[in-house]
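A short worksheet on the structure shown next.
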Amino acid sequence: MKKLLFFVNPRAGQMELRHHLMDMIDVLTAGGYDVTVHPTQSPRDLTELIAREGSSYDLVVCAGGDGTLNEAVSGLMQLENRPALGYIPGGTCNDVATTLGIPRDPVEAARNVISGHPQSIDIGRFGPDRWFTYVAGFGAFTDVAYETPQQEKRVLGRLAYLLKGAKSLGDIRPIPMRMEVNGTVIEDEVLLGLVCSTTSVGGFRASSATMKDVSLDDGLSEVIVAKNITTLQDLNALGTLLVKREFDPSFFYTFQTNHIRFEFPAPVKWTLDGEFGGAVSSVELRNCNKAVEILVP
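For the working numbering, add 4 to where a residue sits in the sequence shown, where the first one is 1.
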């Protein structure tokens, strides 16, 4: 019988995973797998276990939010022979699941693990030993995901992020930055920087015009850097464009690239897939093309 390592984050999202746990295990077992269940115990617990034991399993499945998926991918990226990854979304935004069309219902997502097909996706590398599945970001609002209390996320869902973001408006400060990308060097003061590869960030989907250029497996990441603004009118315009994922060059620098370097005069906090990624004064980000296979409908 094939071996399956099943991680569940019981604290993710709005508790649906805990309510459907036995149903999910039943679906996976009926699919022909000997299922080992591991409830996540602490940050990086999942990553460390996959890096240590993942190669001995035929399939790794994680159930939780984007942060849980990040931990699974971070473990897989440390393996030479990587098993395929199944994902059962259970967080607040579930941006990767939205892009890949993975069902939000936990039992349907478990069925997708059994009946779906593997699709190779790009993984971002942040510095020498950190990874991200869909977004690395710094600046305005990027700390909302990891600074919003989990209880608020459960009760209010995506509204919790919006409320936290609104409270952060008064804290927006321009960040001096030097960016090297595609042979171009840009030095400027900016509000926000994102390196991503999904059609959904923070639960907001890109416009149809933008989506046609976004792919999870083309070896390229989308770089979106919001320029500094000086008036409330420009702030409103920038916010509207950011939510719509429409990037007017008057307000944004945008690139597609497989490698980018940022430098700052002082350490700047980053988020990786909605989790705190550390504070750095310089960092290189690379696209690892088709590095992980994930099961999709």
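Every residue, glycine too, gets a C-beta built ideally from N, C-alpha and C.
Computed from a predicted structure; not experimentally measured.
Asked                                                                                                                  : Found
Terminal residues of the alpha helix (DSSP H) in which GLY79 lies                                                      : 70-80
Buried versus exposed call for ASN85 [16 or more other C-beta atoms within 10 Å across all chains shown]               : exposed
Among THR40, MET5, ARG48 and GLY90, nearest to VAL300 - alpha-carbon criterion                                         : GLY90
Separation of MET81 from GLU226, as counted between CA atoms                                                           : 21 Å
Local conformation of THR152 per DSSP, three classes                                                                   : Per-residue confidence for THR152 stands at a pLDDT of 39, beneath the threshold of 50, marking its modelled position as unreliable; no derived number is given.
Option in ILE125, GLY71 and GLY105 with minimal Cα separation from ASP49                                               : GLY71
Three-pair Cβ contact test at 8 Å for the stretch 131-141 versus the stretch 274-289                                   : yes
Endpoints, beta strand (DSSP E) assigned at SER225                                                                     : 225-231
Host alpha helix (DSSP H) of ALA113 (start-end)                                                                        : 110-119
Proximal residues to PHE259 (C-beta, below 7 Å), its chain only, five neighbours per side dropped                      : VAL185, ASN186 and VAL227
Neighbourhood of SER78 by C-beta distance below 6 Å, restricted to the same chain and skipping five residues each side : THR51 and TRP135
Whole-angstrom distance between ASP99 and GLY206, CA atom to CA atom                                                   : Low per-residue confidence applies at GLY206: pLDDT is 46, beneath 50, and the placement is therefore not dependable, though the value from the model is reported in the following sentence. Spanning the two alpha carbons is a distance of roughly 7 Å.
PRO110 beta carbon less than 8 Å from that of ALA88                                                                    : no
For GLU297 and TYR37, the rounded distance between their alpha carbons                                                 : 18 Å
Extent of the continuous beta strand (DSSP E) run through MET181                                                       : 179-185
SER60 - DSSP class collapsed to helix/strand/coil                                                                      : helix
Rounded straight-line distance, which links the Cα of SER254 to that of GLY69                                          : 34 Å
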